[in-house]
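Position one of the first sequence corresponds to residue 9 (our numbering), numbered consecutively onward. Following: one structure in structure tokens, then a few remarks.
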Amino acid sequence: MSARPGVPATPGQAAVLDAAFFARPAPEVAEALCGVLLARADEGLLARIVEAEAYTEDDPACHAHRRRTRANAPLFAAPGTAYVYRSYGVHWLFNVATGAEGRGEGVLVRAAQPLAGLERMRARRGARPDRELLRGPGRLAQAFGLDGSWSGVTLSDSPLDLLDDGLRPAVTAGPRVGIADAADWPWRFSVTDCPWVSRYVRSARAPARAR
DNA sequence: CTACCGATGCGCT
DNA sequence: GCGCATCGGTAGC
């Protein structure tokens, strides 16, 4: 059976991504995360990331843009630290800190293709099409059981890991989803023509697109 | 498929 | 109070 474009279903030999991978600028890391495996070892969950967005402290849409607070502190922590926050009072969104320690930046993991542990994901997500298990950052965090208790966790010391199995899919860059400030910065990266990618929704508060 | 809209916690102005 | 890095239900094409 044939795989979807650019995204084989079966992972090969995989190496855990180290701090050096995340120590680069967020846009570089966001692009490089497309095709990377997300694994939760304690629950047997595995998925391939197909979409990620970059946020930096020079970026008005970034939570670290104004100042460092208790809540956004993980963005300033060592590269490879998880930052999980609540959006709209309902959903949790999973990020990974990037850049040098002390720099307030990170990458939002927005969507992935489920590969293993689908029963557990379905149990958390409810009776919905498998296509929607990990399509969108709120859904992905819910399926993986990630909440505020994961914020500040160093991934290398946790059951949650990012792994490289050598896949290098074609990646497309475009504007980020749902933000009003810096709405047109092309910092959303996704696997080209991949059905697991979330749909683009422009913020209702974003200014009209330049043309 | 698209469009609309309410839910709901919390950090910030 | 205001404003979200979202989602799911409903209505309509």
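C-beta atoms are modelled at their ideal positions from N, C-alpha and C, and glycine is treated no differently. Computed from a predicted model, the values in this text were never measured in an experiment.
Whole-angstrom C-beta distance between L116 and P8, which should lie under 8 Å:
Any question about residue 8 goes unanswered here, given that the chain covers just 9 to 219.
What's the gap between the Cα of M9 and the Cα of H99?
In this prediction, M9 scores a pLDDT of 40, lower than 50, which makes its location untrustworthy; no coordinate-derived value is stated.
Using DSSP with H/G/I as helix, E/B as strand and the rest coil, what is G146?
helix
Pick out whichever of H73, V44, A28 has its Cα sitting closest to the Cα of Q21.
V44
Should Y208 be labelled buried (16 or more other beta-carbon atoms within 10 Å of its own) or exposed?
exposed
In the DSSP assignment, what residue or residues form a beta bridge with L101?
Y93
Does the region 186 to 193 come close enough to the region 167 to 175 that 3 or more CB-CB pairs lie under 8 Å?
no
Is the CB-CB distance between A27 and A62 below 9 Å?
no
Three-state class that DSSP yields for S10 in the structure shown
Unreliable positioning characterises S10 in this predicted model, as indicated by a pLDDT of 39, which lies under 50. A coordinate reading is not provided.
At the level of alpha carbons, what is the spacing between N80 and P68?
14 Å
Determine the DSSP secondary structure at P33, reduced to helix, strand or coil.
coil
Note down, in chain order, each residue of its chain lying with its Cβ closer than 8 Å to the Cβ of G156, except the 5 sequence neighbours on either side.
V92, Y93, R94, W100
Applying the criterion that 16 or more other CB atoms from any shown protein chain within 10 Å of the CB defines a buried residue, is V24 buried or exposed?
exposed
Measure the C-alpha to C-alpha separation of A181 and R196 and round it to an integer number of angstroms.
6 Å
Once you ignore the five residues that flank A60 on each side, which residues in its own chain have a CB closer than 7 Å to its CB?
A38, L41, C42, V115, L116, V117, R118, F197
Out of curiosity, what's the CA-to-CA distance linking N103 and A135?
26 Å
Would you mind working out which of A120, F152, R74, A124 sits nearest R56, comparing C-alpha positions?
A120
From what residue to what residue does the beta strand (DSSP E) around E61 run?
53 to 63
Check each candidate in R48, G107, A214 and name the one with the smallest Cα separation from A72.
G107
Can you check the region 130 to 211 for any alpha helix (DSSP H) of at least 4 residues that lies completely inside it and give the ranges in chain order?
145 to 152
Nearest CA to the CA of F30: which residue from R74, F84, L148, L54?
F84
According to DSSP, what are the bridge partners of A124?
L54
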